[in-house]
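Read the structure below first, then the notes.
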Amino acid sequence: MRSVILTLIALYAVSSSATVQQKDVLIYNGNTYPLQEYYLEAYFECYPELRPKTMSVSSDLWRGYVAFFTVINKKIYLVDLQIRVKDENAKETFATTWKSVFKEFSPDVDEFPVDWIDDIIVLPHGEPLDYEQGFGIAYSEYELLEVKHGELLNSKKVSLEAYKKVVNKWHVFLRKKDLLLLKKKLID
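Residue numbers (my numbering): 59 to 246.
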């Protein structure tokens with residue numbers, strides 16, 4: 059029993075001090091939004107040899123890169139891929155800077171089509187409000203982007219109140235059935 063209690067305490071200590079991860083980015087209608095999902099990971103599971111190589115390992119970037127997506131003519135494209143590298147000009151020992159490796163990843167096109175995304179992407183809008191239990195920093199409004207095979211099918215702005223009536227926890231925790239419920243109640 060003592061070992062079970064010590065294990066639970068250790069797991070709590072590790073989980074409570076976990077580092078917040080660098081988010082991938084979506085550029086949409088001239089604004090930049092952090093994404094809650096790491097959509098490029100599905101691609102790298104199929105093509106691991108194309109994953110960017112980085113020598114700079116950081117606890118806030120387990121995947122080793124930050125992906126930048128944009129919407130062009132209702133389709134989602136990857137437009138940049140950046141890794142951290144040692145900053146040779148800095149005086150600090152472990153200083154890093156960002157380096158684009160997009161041309162190595164996609165030498166032939168400037169916009170790489172991301173046709174495997176089937177999701178409802180939730181973007182914060184409006185004023186940031188106070189911390190909401192289970193939601194993190196809540197915003198007064200959200201825009202829901204319905205995406206199928208990388209194509210934007212629909213978008214709709216909803217209030218925080220309408221969003222909370224459907225979703226009990228922040229969208230990081232949504233399962234497929236939660237996304238279907240969100241679509242049915244808020245988008246359709």
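Quick reminder that beta carbons are idealized off the backbone N, C-alpha and C, glycines included.
This one's a predicted model, so the numbers in the text were calculated from it and none came from an experiment.
Check                                                                                                                                                                  : Outcome
Return the Cβ separation of V124 and Q140 in integer angstroms, given the expectation that the two are a contact with Cβ distance under 8 angstroms.                   : 5 angstroms
Here's a check: name, in chain order, each residue in its chain whose Cβ is nearer than 6 angstroms to the Cβ of S158, leaving out the five neighbours to either side. : D138, Q140
Under a Cβ-count criterion, where at least 16 other Cβ atoms within 10 Å of its own Cβ denotes burial, should E103 be classed as buried or exposed?                    : exposed
Measure the alpha-carbon distance for L136 versus F160 and round it to whole angstroms.                                                                                : 9 angstroms
V143 by DSSP, collapsed to three states: which one?                                                                                                                    : strand
From which residue to which residue does the alpha helix (DSSP H) around K222 run?                                                                                     : 218-224
Would you report the Cα separation of P171 and K111, rounded to the nearest angstrom?                                                                                  : 21 angstroms
Shortest alpha-carbon distance to D168 belongs to which of L93, I134, E95?                                                                                             : I134
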